[in-house]
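Residue numbers are given in the numbering used here: position 467 of the sequence shown equals residue 480, and the series is strictly consecutive. Glycine included, each C-beta is placed from N, C-alpha and C at the ideal position. Being a predicted model, the structure only gives us computed values, none of them experimental.
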Amino acid sequence: MALPPHCDVLVIGGGNAGFCAAISAVQSGAQKVIIIDKCPENWAGGNSYFTAGAFRTTHGGLEDLLPIVNNVDTATAQKIDMNPYTAADFTNDMERVTGKRADRELSRVLVDDSNATVKWLAENGVRFQLSFNRQAYEVNGRIKFWGGLALKTQDGGKGLIQDHLRTAQKLGIDVFFSTAAERLATDPVTRAVSSVSAVHHGQVKVIKTNAVVLAAGGFEANSRMRAQFLGPHWDTALVRGTPYNSGECLEIAIRDVSAKQVGNWSGCHCVAWDANAPANTGDREISNEFTKSGYPLGIMINRQGSRFVDEGSDLRNYTYAMIGRQILHQPGHVAFQIWDSRTISWLREEEYRPEVVQHITASSISELAAKCAAEHDLEDKDRFERTIHEFNNAVYESQRLNPGQQWDPAVKDGLSTQSNACALSVPKSNWALPIDRPPFLAVKVSAGITFTFGGLEVNPETAAVVSSTTNCEIPGLYCAGEMVGGLFYDNYPGGSGLTSGAVFGRRAGRAAARASTIAVR
C-alpha cells in the first residue's frame with residue numbers, strides 16, 4: 014500500500030492512544046485519516062499490546078458495568094461485591110499516589126471522561142470483561158473487587174489491539190508500518206503544522222496534512238535517555254514492552270516546533286518483572302505474564318538477604334507501578350519474592366505458573382536460602398534466614414497483641430509486623446502472615462520499565478500541544494498517550510494509563526478533525 018501524499022489527519026503511533034485518536038477523528042468528520050508507526054507490522058500495538066488491558070473508570074457499581082462486559086452470568090453477578098467508584102474516589106487516588114503533583118485540569122478531564130470514554134470504546138468494538146483474575150478475590154463465598162479497578166479487555170492488550178485494528182479497517186483508516194516520522198514542518202505564515210517527513214521502507218516521504226496527533230510513546234526503550242533523565246542504573250532496567258518506544262517523537266516535537274516539556278521526566282512506571290525476561294524488549298507471546306505482582310501476599314528480600322520495602326503499604330494497584338524502582342536500586346538490581354503454603358495458592362496463575370517463571374522451591378527456609386545462594390546469586394544466605402525469622406517473630410507478636418484480626422487480601426486488613434512488643438525497621442503494614450509453613454516458594458525478580466512520565470504540555474480540553482516559545486497552542490498539533498506530560502508523578506493508579514490514552518486520544522482526534530475541516534475551508 015502506497016503512502017498517500019496528503020491526508021486530513023495523520024496520527025503518529027499505533028497503540029491504544031493512536032487508534033483512539035484516529036477513530037475519533039473519522040467519527041468527527043475527517044475524511045482521510047492515516048496512522049504511521051515505525052515498527053514492523055508484526056510488532057503492531059506499541060506498549061498497549063503488552064498490557065493486561067486494565068481500564069480505570071468511574072462507575073456506579075456493578076449495574077453500571079454489566080452492559081459492557083461479556084463474561085458475567087446471572088449466578089456470578091449475584092456473588093459479586095463491587096462498590097461504586099466515584100469521581101471523588103478517582104481524584105483522591107490520583108492526588109494520593111502522585112503526591113498531589115498531577116496537573117489538576119488533566120486529572121479532572123481524565124476522571125470526568127473516563128466512564129463515557131470506556132463506553133465509547135465498547136460501542137466501537139472493544140470487548141470488555143470484569144477482571145476476576147487480577148482484581149477480585151473470592152472471600153467467604155463472595156467475589157470482592159478491590160482497588161477501584163474492575164474492567165479489563167478480553168485477551169488483555171493483545172485483544173485490545175485486535176479490536177482497534179478491526180474498527181480502523183471498518184472506518185477506512187489505513188495503518189502504515191515500518192514508517193518512522195522524521196520531521197514536522199510548519200507553514201511559515203500561520204505556524205500551523207503542514208506536513209510530516211517520514212522514512213517509509215527506507216525512503217523519505219513527505220505527507221502533507223491538516224493536523225497531526227503525536228501518540229508514539231515515551232522513551233522507555235532508550236537506554237541512553239533512561240540514564241539521562243531517570244538517573245543512575247536506569248539503563249539496566251528490563252524493557253517490559255515494545256523496543257520501538259525510544260523517544261524520537263518527543264525530541265522531534267521539541268526540536269521542530271518548540272513543544273513545551275512538562276511533567277516528571279525523572280519518573281516512570283516500573284514493575285516487578287521476571288529477572289530472566291529479555292533485557293531490551295517484551296515477549297509478544299508471554300507479554301504481561303512476566304509481571305510478578307504477588308509481593309503483597311509475601312515478602313521481598315534483596316541479594317544481601319534483607320527486606321527493603323513495605324510490601325503491604327497499600328493495595329497492589331497503588332504500588333506495583335513504583336515497586337520496580339525499589340528493586341532496581343537493590344544490589345544487582347534484583348530481589349527474591351517469597352511465600353509459604355499459606356499464600357502460594359493465591360498467586361495469579363498467569364504470572365507464577367512454572368511455564369512462565371523459574372520456581373525456587375524448598376521444604377525449609379535453610380534449604381531455600383541454600384538454593385538461592387547456590388543457583389541464583391544470593392550473597393548472604395545466613396542473613397536471608399535471619400530476616401525471615403525476624404519477620405515471623407514480629408508477625409506472631411503482632412497477632413498475639415491483636416487477636417481476632419482476619420487476613421483479607423481484598424482490603425487493607427491491618428495485619429502488620431508492628432506492635433509494642435516488636436517492630437521491624439522495614440514494616441509490612443498489611444497482609445502480614447508468617448512464612449514458616451512448607452513448602453516454600455521463591456522467584457527472582459528485577460525491574461521492568463513500562464512507560465516514562467515526562468512529556469509535552471497540552472491543552473486538557475483539546476489535547477493541543479503548547480509551544481515553549483509562545484506558551485500558546487501549536488496550530489494543528491495534538492498529543493495523546495505516554496507523550497502527554499504532567500499527569501503522573503513517581504506513581505500512578507493502576508489502569509489509568511490506558512484510560513488516559515483513550516480519553517486524550519479521543520479528544521485529540523475530535524480537535525484534529527475540527528482543525529482539518531477549518532483548514533479545508
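Check	Outcome
Ranges of the beta strand (DSSP E) found wholly within the segment 145 to 228, counting only runs of at least 3	149 to 152, 155 to 158, 164 to 166, 187 to 189, 192 to 199, 206 to 213, 216 to 227
Distance CB(Gly31)-CB(Gly345) smaller than 8 Å	no
Residues bridged to Trp286 [DSSP beta-bridge criterion]	Thr304, Ser459
Of the residues Glu233, Gly325, Gly260, the one placed nearest Gly295, counting alpha carbons only	Glu233
Cβ-Cβ distance between Asp102 and Gly161 below 8 Å	yes
Proximal residues to Ser459 (C-beta, below 7 Å), its chain only, five neighbours per side dropped	Leu251, Trp286, Ala288, Ile340, His346, Val347
Neighbourhood of Asp269 by C-beta, 7 Å cutoff - its chain only, sequence neighbours within 5 removed	Arg196, Leu197
Three or more C-beta pairs below 8 Å linking the segment 224 to 243 and the segment 435 to 452	no
Rounded C-alpha distance that separates Tyr409 from Pro416	10 Å
DSSP bridge partner residues for Gly522 (one or two, in chain order)	Answer by DSSP bridge pairing: none, since Gly522 is not bridged.
Counted within 10 angstroms of its Cβ, other Cβ atoms place Asn293 as buried (16 or more) or exposed	exposed
Extent of the continuous alpha helix (DSSP H) to which Val124 belongs	117 to 136
Cβ-based neighbour list, Ala455, same chain, cut-off 7 Å, excluding 5 preceding and 5 following	Phe349, Gln350, Ile351, Ile373, Leu381, Cys385
Supposed close pair Phe68, Leu428 - CB separation, criterion 8 Å	Not quite, the Cβ-Cβ distance comes to about 30 Å (not below 8 Å), so this is no contact.
According to DSSP, residues forming a beta bridge with Gln274	Leu469
Contact set for Arg396: own chain, Cβ-Cβ below 7 Å, skip 5 residues either direction	Gln317, Gly318, Ser319
Contact set for Lys113: own chain, Cβ-Cβ below 7 Å, skip 5 residues either direction	none
Residue span of the beta strand (DSSP E) that contains Leu490, given as start and end	486 to 492
Continuous alpha helix (DSSP H) assignments of at least 4 residues falling wholly in the segment 28 to 60	29 to 40
Residue from Thr104, Gly307, Lys45 with nearest C-alpha to Arg361	Gly307
Host alpha helix (DSSP H) of Phe397 (start-end)	394 to 414
Asn83 burial status per 10 Å Cβ neighbour count (16 or more: buried)	exposed
Cβ pair Glu118, Pro473 closer than 8 Å	yes
Cα-Cα separation between Ile3 and Asn484, rounded to whole angstroms	The requested residue 3 does not occur in the structure, where the chain is confined to residues 14 to 534.
Reduced DSSP secondary structure (H/G/I, E/B, other) of Leu360	coil
Local conformation of Asp21 per DSSP, three classes	strand
Euclidean distance between Cα positions of Gly467 and His282	11 Å
Same chain, Cβ closer than 6 Å to Gly170, neighbours up to 5 away in sequence not counted	Ser61, Tyr62, Phe63, Thr64, Gly66
Environment of Glu54 [buried if 16+ CB atoms lie within 10 Å]	exposed
CA-to-CA distance, Ala35 to Ile462, given in whole angstroms	27 Å
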